[in-house]
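Protein chains in written order, with the numbering used here: chain A, 6 to 479; chain B, 540 to 698. In this text, a Cβ means the ideal position worked out from N, Cα and C, and glycines have one as well.
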């Protein structure tokens, strides 16, 4: 015995679900054996049963295993604490957005500042919400439709939302709930700008593989996996053999669903066909196929006789990684986000050159927000050691406005209205077309919220409701 | 697998007693906790399916696990060989043999490997190992002795 090197064992107690898993495996083995025996004539029925029974011989190792992260869009579900971190660390695709790691690029505002600004907007985040910056591409039909840019992205995943299904009269009917992943692009002022969302796990399954799926034998809403496009069956359509499919399955998890639906290849015109669809979501891609990175959803297509016709697997990460090599390269440094209206000027460098140069000469060294509403342009400028101000241009007519626009809003067309306190002013949000909520702060001045009314060209305390009754945080 | 409550309790007791060590054993030999857990679970599910016919549950579990490990090693060897072929045209970085216990055992001939795993590392008596392998006890004893010589030579090379 001493000749042999010692094997060091790391003995740990059995995890809580281990016994239940084993019992389930044994049942599955029995089910498979039973299914096999019904498929052959009685004389040879014992052969497959014998072959499937444990004989102490080599076992086949099921490769499928759950992924360690949630859905690739988020690291965790919305109600679990998300890990800290400011950057997207892998590519993923959700809706029309392809988000990839930013590399050495950085956004216009820091993580601490964007969180502070988002909080000032009373944006409430779930424990699992993640605010990270990445390189954002807007891709439709495999083509980039907008300039890629580095920007802050807010993701929240797995939140239950009503499932809306189309009806025959072209309206939407609520049919239970589904888990949804949401992605929101933020402006540098912390406001949400563009949103997209999809059923969690790309809408392929109702739950992750390790959570029990709801009962139901019909696909309720369309989805796609890999090259297969799935639609709900037409009214009254039926197909036998669900039990045969169930018995034929090699890997079945609590979240695995066997539903009837119509299948059509995504990029091939032709009629769709009624099939049994077996879906399992949240698999570790590497456990299914080494070339599939991240969290993978699986679709197996069976006919009514229990014959496997096709297999499709993909996930947000593998879809992004498949498409990224086909997209044009992004220059370094990548452009940062430039906000559109209502906050048109997320950072100072985006202001028109004449305004920026002259305002800087006048001591206004920073600008944190502007808006164009109701024929007025308001730019909030800060003056370290002095008084912050609102620079206002109000056109008397559209003609005057157009002329000023053509002249790129020169500095001389603006009037400056000093803030009552602080040397820094920041646009928080618009309360109505003329009134904005701003945050005033500075050395020795705790951040305080005020209103700025472009109609009366004045700063108003939050308690003042003469311009608007909209709530203000001050 | 239709077991009565008492039989079920007995299997459960074997599970409580053996599962942690069997999992650790498989993990140490497979080098991957996921594979280790998978093999252990598979072994127990087979035990559950054949409980009424198994006389030595512990030996049965380790025999199943050893066979499964054998499969894993065989697959890994095939993969290494394939990557070696690929490397002619494409440089592939793949960890080579590391002379760990696992690797030393994996390099033994298959029959010796199973015998060593069951006798030395699962601590089953030779008679039981022979019964599980359907071989005379003397044959198994010879395999173990040969394995010992091979391992000693390999360890000396390493030192």
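When Cβ pairs closer than 8 angstroms are counted between the two stretches, the region 296–307 of chain A is seen to touch the region 275–284 of chain A, the count reaching three or more.
Flagged as an interface residue toward chain B: residue 14 of chain A, by a C-beta distance shorter than 8 angstroms. Rounded to whole angstroms, the gap between the alpha carbons of residue 95 of chain A and residue 105 of chain A is 6 angstroms. Given a length threshold of 3 residues, each whole run of the beta strand (DSSP E) inside the region 156–212 of chain A is given here in chain order: 177–191, 197–204.
Neighbours of residue 24 of chain A across chain B, judged by C-beta separation under 9 angstroms: 551, 554, 555, 558, 583. Among the residues facing chain B, residue 259 of chain A is not included, as its CB has no counterpart in that chain under 8 angstroms away.
Annotation for residue 576 of chain B: 562 place their beta carbon closer than 6 angstroms to its own, counting only its chain and skipping 5 residues before and after. When the Cα atoms are used, residue 28 of chain A and residue 688 of chain B turn out to be separated by approximately 42 angstroms. The alpha carbon of residue 455 of chain A has as its nearest neighbour, out of A:427, A:246, A:133, A:438, the alpha carbon of A:427.
A direct Cα-to-Cα measurement between residue 451 of chain A and residue 187 of chain A gives close to 34 angstroms. Under the criterion of beta carbons closer than 8 angstroms, residue 386 of chain A and residue 369 of chain A qualify as touching, at roughly 4 angstroms.
Within chain A, not a single residue places a beta-carbon under 7 angstroms from that of residue 601 of chain B; the smallest gap is close to 10 angstroms.
Taking all protein chains shown into account, residue 337 of chain A has fewer than 16 neighbouring C-beta atoms within 10 Å of its C-beta and is therefore exposed. What residue 18 of chain A touches in chain B, judged by beta-carbon distance under 8 angstroms, is 559, going in chain order. Under DSSP, residue 441 of chain A shares a beta bridge with A:435, A:457. If you look at residue 552 of chain B, you'll find it in the alpha helix (DSSP H) that goes 544–569.
Annotation for residue 380 of chain A: 399, 400, 406 place their beta carbon closer than 7 angstroms to its own, counting only its chain and skipping 5 residues before and after. Residue state for residue 87 of chain A is assigned as coil, using DSSP reduced to three classes. Taking each of A:257, A:223, A:261 in turn and checking the Cα distance to residue 243 of chain A, the smallest one comes out for A:223. When Cβ-Cβ separations below 8 angstroms define contact, residue 276 of chain A makes no contact with chain B. For residue 464 of chain A, the enclosing beta strand (DSSP E) has its first and last residue at 463–466.
By the criterion of a C-beta distance shorter than 8 angstroms, residue 412 of chain A is surrounded in its chain by 418, once the five residues flanking it on both sides are discounted. Look at residue 10 of chain A: its C-beta is under 8 angstroms from a C-beta on chain B. With a cut-off of 8 angstroms on Cβ pairs, the region 188–197 of chain A is not in contact with the region 83–94 of chain A, counting fewer than three such pairs. Scanning chain B for C-beta atoms nearer than 7 angstroms to the C-beta of residue 34 of chain A yields 584, 588, reported in chain order.
In terms of Cβ geometry, residue 136 of chain A and residue 121 of chain A do not form a close pair [threshold 8 angstroms]. Contact fails between the region 317–329 of chain A and the region 239–256 of chain A, because fewer than three Cβ pairs, one in each stretch, are under 8 angstroms apart.
According to the DSSP assignment, residue 397 of chain A belongs to the beta strand (DSSP E) that extends over 394–399.
By alpha-carbon distance to residue 397 of chain A, the top candidate from A:364, A:390, A:391, A:404 is A:364.
Under the DSSP assignment, residue 120 of chain A falls outside any beta strand (DSSP E), being part of the alpha helix (DSSP H) whose first and last residues are 116–125. For the pair residue 20 of chain A and residue 457 of chain A, the Cα-to-Cα distance works out to about 59 angstroms. If you draw a straight line from the Cα of residue 572 of chain B to the Cα of residue 109 of chain A, it comes to about 35 angstroms. Relative to the Cα of residue 644 of chain B, the nearest Cα in the group A:82, A:360, A:12, A:340 belongs to A:12. Within a 10 Å sphere around the beta-carbon of residue 168 of chain A sit 16 or more other beta-carbons, which makes this residue buried. Within the model, the alpha-carbon separation for residue 463 of chain A versus residue 422 of chain A is close to 7 angstroms. Taken through DSSP and simplified to helix, strand or coil, residue 100 of chain A comes out as coil.
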